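Novice:
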Amino acid sequence: MRPLTNRPNRIDPAPSRMAYRLQRWMLTPGIRAGLRIGLPLGLLIIGVGTFLADPARRANLVQTYADIRASIEARPEFMVNLMAVDGASEQLVNDIRNVAAISFPISSFDLDIEQIRSRVVALDPVKQANLRIRPGGILQVDVIERQPVVVWRTNEGLSLLDDSGVLIGTVAERAARSDLPLIAGVGADDQVAEALALVAAAQPLKGRLRGLVRIGQRRWDMVLDRDQRIMLPSEKPVRALERVIALDHAQDMLERDVTAVDMRLTARPTLRMTQAAVEHWWQIRKIN
Amino acid sequence: MTDLYQSQRAMRQMRQQAMQRGVIAILDVGSSKIACLVLRFDGTGRLSKDGTIGSMAGQSGFRVVGAATTRSRGVQFGEITAMQETERAIRTALQAAQKMADIRVDHVIACFSGAGPRSYGLDATIDLEGQMVTEAEVARVLTACDVPDYGVGREVLHAQPVNFALDHRSGLSDPRGQLGQALSVDMHMLTVDADAIQHLVHCIKRCDLELAGIASSAYVSGISSLVEDEQELGAACIDLGGGTTSISIFMKKHMIFADTVKMGGDHITADISMGLGVPMANAERIKTFYGGVHATGMDDRERIDIGGDTGDWEHDRRTVSRAELIGIMRPRVEEILEEVRIRLDAAGFDNLPSQQIVLTGGGNQIPGLDGLASRILGQQVRLGRPLRVHGLPQAATGAGFASAVGLALFAAHPQDEWWDFEIPVDRYPARSLKRAVKWFKDNW
């Protein structure tokens, strides 16, 4: 009931319904967490969102960022001024400089070392390459070059191969690299290691070796001077060659008038004599 | 009665929810003050780690984190007479307690002293269907109790089984699992005016709170003020409150009787106010500072300024001797105690083996009350203070907070009541579900 008299000096300590509800609301854990974390977060998001809503400001921000980044990248501490190549021949150094195609000075942030390395390694004579930026702004390229071990004769000409059969370069004439053994035939470059083993095993023939011919991408023929051929099997050719050499030692087989020693069937070595030798042999048989 | 059964069960569920959430508020709606405690249940058990009860008498399962008191408005004789005022007072107390606890409280357990409580002793005997007493059998025997006609407009506030007897063995507190033929139960039922409960429920609902239980303050102040052996052997707890004096008799740790005398400290204050011609506020102050019930020669010479703010110098400077004050107070205190005596006699308190009487409530701070009470009530009278509980502020440890503390204990360890047992299926009325729905609709 409404009191008849207004009693202003009696202060009611009771909170109003709204104040009471508000206090309870503020004591609710979710609301408190929301006010403590959610509200500042929301304000921040709204502020940032409003700032970024304008495309001009956004572009300005991006531009500022790019400028700062460029200014840092252009500092002399990060500049690369020259490239040093170690472990490569004169010709290869020029090739490497060409494929790297870097216009110095350049910031080290703009250098894609890995990509340059892959381009350098893609060069034929390069076996392995290490790139790093040395203090002092030098791009150091350490190269291990491939060493030519055989000369491969094809229809196109003479090429140099390394021990894994990778093409390194070409030579104009055989005499330019007379120190290297000669191989020929289709697919010979796939079996360079075997060829080298055969050449090593043919050491006792002492300079009679002219070269190796890959036959049918399957087996080797060893060509000696006086057009002699040692036809080797596809399986265990070194072993067969050693038998031939042993025969040669024992009976001077290769000194005789023989065109070819056929070792293709291991159980039945076969000799092919020259026409003159055969006729001569027939006469001897008639005499006897 | 099933309606009540449902609503009490709903309150029990609410209490379970509150326990799970770990926070519950205690509200003692008294005539002179409204006290609110906020309890936090931290899950420690009834016994401490080494298996002993400990210094907190096993009440360490909860902690009082907030406490607030406010002057009660709109409550007379323990009943709400002005809802708006009471609601505001409850809001004040709750807000202060929540602020102190820094926790939002959604569930509240309330107690009040008025509404004319009436005790009934009920009993029933059934033949067991099986050999063993099961929970269903207990529920059946409780349901078999012959409920007296307690009148329209009254509600059952407590219905506690106080004693079970199996065949010829009586005095069982929990017969479940025991073997026998016939099970009988004695139940104590306390009814109060339904309107008073409704008013309280309404006030609490207006404060956006869920009611998780209601208790009679006579019962809860007995829980907190009587020590364990007094509860076991038989004792009466007399809570001298502001508007009412509540009586509860305990026996074998159960309340077996409760009643209320509709006189209390406010009446003493009113007597002083009338007798000395001072405002109620002054009279209250004089009572608390100088009150007493035994006059001595010294009291004739001690003059008390009774004051006043009329602006009349002569009138505002009056003094009375303390003996006069005691002369006003004593007859009223005697009257209250006489009335208590009558109620106790009516309840058959004389027949109890132990006749310990414990005076508690704010009124027990009147100097010399224990002497007067022992003259009227019998020799075994002591002044009681509520049990210690964790975290209770010093200001709330006085006898005036006996029912608030008792309600806290009651919240932590409620006693099994009739509605805690599943009602047997055959007793469900056909429309019970509909009624439950209606109850929910009405209350939410």
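Chains R and A, in that order, are what the protein sequence lines are.
Per UniProt numbering, the first sequence starts with residue 1, numbered consecutively.
Per UniProt numbering, the second sequence starts with residue 1, numbered consecutively.
Ideal placement from N, C-alpha and C gives every residue a C-beta, glycine not left out.
Note that the structure is predicted; figures quoted are calculated from it, not measured.
1. Check distances from the C-beta atoms of the stretch 21-43 of chain R to those of chain A and list, in chain order, the residues that come in under 7 angstroms.
2. Please state the DSSP three-state secondary structure of A:M56.
3. In chain R, what lies closer than 8 angstroms to A:I103 by C-beta?
4. Between the alpha carbons of A:M274 and A:Y120, how many angstroms are there, rounded?
5. In chain A, what lies closer than 7 angstroms to R:A14 by C-beta?
6. Please state if the CB of A:I268 and the CB of A:V333 are separated by a distance shorter than 9 angstroms.
7. What is the rounded straight-line gap between the Cα of R:A101 and the Cα of R:D95?
8. Using a C-beta to C-beta distance shorter than 9 angstroms, which residues of chain R count as neighbours of A:Q98?
9. What whole-angstrom Cβ distance do A:A295 and A:G265 have, given they're in contact under 8 angstroms?
10. Taking the alpha-carbon positions, what's the A:R206 to A:M83 distance?
11. Please check the pair A:L37 and A:A67, which I expect to be a contact at CB under 8 angstroms, by giving their CB distance rounded to whole angstroms.
12. Suppose you measure from the CA of R:L52 to the CA of R:R58; what does that come to, to the nearest Å?
13. From A:I204 to A:T70, what distance separates their C-alpha atoms?
14. Whole angstroms are fine: how far does the CA of A:G308 sit from the CA of A:M1?
15. Based on the DSSP output, what are the partners of residue 290 of chain R in its beta bridges?
16. In the structure shown, what three-state DSSP assignment does R:I102 receive?
17. Could you name each continuous alpha helix (DSSP H) segment of 4 residues or more that falls completely within the stretch 146-219 of chain A, going from the start of the chain to the end?
18. Quick one: residues in its chain with C-beta nearer than 8 angstroms to the C-beta of R:V192, no 5 flanking neighbours on either side, listed in chain order?
19. So, at 7 angstroms on beta carbons, what are the nonlocal neighbours of R:G185 in its own chain, with the 5 sequence-adjacent residues on each side left out?
20. Among R:R153, R:E194, R:L196, which residue has its Cα nearest to the Cα of R:A175?
21. R:P204: buried (16+ other C-beta within 10 angstroms of its C-beta) or exposed?
22. Mapping DSSP to helix, strand and coil, what is R:T64?
23. Going by other Cβ atoms of all chains shown within 10 Å of its Cβ, with 16 needed for buried, is R:P237 buried or exposed?
24. So A:T70 contacts chain R; which residues on that side make the cut at Cβ distance below 7 angstroms?
25. Could you tell me whether the Cβ of A:M56 comes closer than 9 angstroms to any Cβ of chain R?
26. For A:M14, which residues of its own chain have a beta-carbon under 8 angstroms away from its beta-carbon, when the five flanking residues on both sides are left out?
27. When the Cβ atoms of the stretch 92-111 of chain A are set against those of the stretch 132-139 of chain A, are three or more pairs found closer than 8 angstroms?
28. List in chain order: all unbroken beta strand (DSSP E) runs of 3+ residues lying wholly within the stretch 225-288 of chain A.
29. Entirely within the stretch 29-89 of chain R and at least 4 residues each: give me those alpha helix (DSSP H) ranges in chain order.
30. Our contact map puts A:S32 next to A:S72 with C-beta atoms below 8 angstroms; I'd like the distance itself, whole angstroms only.
31. List the whole-angstrom C-beta distance separating R:V143 from R:G211, where the pair is believed to meet the contact cut-off of C-beta under 8 angstroms.
32. Tell me the DSSP secondary structure of R:P15 in three-state form.
33. Give a yes or no on contact between the stretch 102-111 of chain R and the stretch 119-128 of chain R, applying the rule of three or more CB pairs nearer than 8 angstroms.
34. Would you say R:A19 faces chain A, with C-beta separation under 9 angstroms as the test?
35. Strictly by DSSP, which residues pair up with A:A25?
36. Using alpha carbons as the reference points, say which of A:D42, A:V141, A:A124 lies closest to A:R422.
Specialist: Concretely, from the data shown:
1. R21, Q23, R24, L27, T28
2. Caution is warranted here: a pLDDT of 49 is assigned to A:M56, below 50, making its placement in the model unreliable, and no coordinate value can be reported.
3. L27
4. 38 angstroms
5. R88, A89, R91, T92
6. yes
7. 10 angstroms
8. Q23, R24, L27
9. Going by Cβ atoms, the distance from A:A295 to A:G265 rounds to 19 angstroms, so no, they are not a contact pair.
10. 10 angstroms
11. 5 angstroms
12. 6 angstroms
13. 16 angstroms
14. Unreliable placement is indicated for A:M1, whose pLDDT of 45 sits below 50; the coordinate value is still reported in the next sentence. Going by the C-alpha atoms only, they are around 53 angstroms apart.
15. There is no way to answer for residue 290 of chain R, as the model of chain R reaches only from 1 to 288.
16. coil
17. 194-206
18. V149, V150, L161, D162, D163, S164, G165, I183
19. V213, R214, I215
20. R:R153
21. exposed
22. helix
23. buried
24. P13
25. Confidence at A:M56 is low in this model, with a pLDDT of 49, below 50, so the placement of that residue is unreliable and no value is reported for it.
26. H107, E210, L211, A212, G213
27. no
28. 235-240, 245-251, 254-261
29. 29-33, 39-53, 55-73
30. 6 angstroms
31. Rounded, the Cβ-Cβ distance is 31 angstroms, inconsistent with contact.
32. coil
33. no
34. yes
35. A:V38, A:V108
36. For the record, residue 422 of chain A in the displayed sequence is Glu; it is not Arg. With distances taken between Cα atoms, A:E422 lies closest to A:V141.
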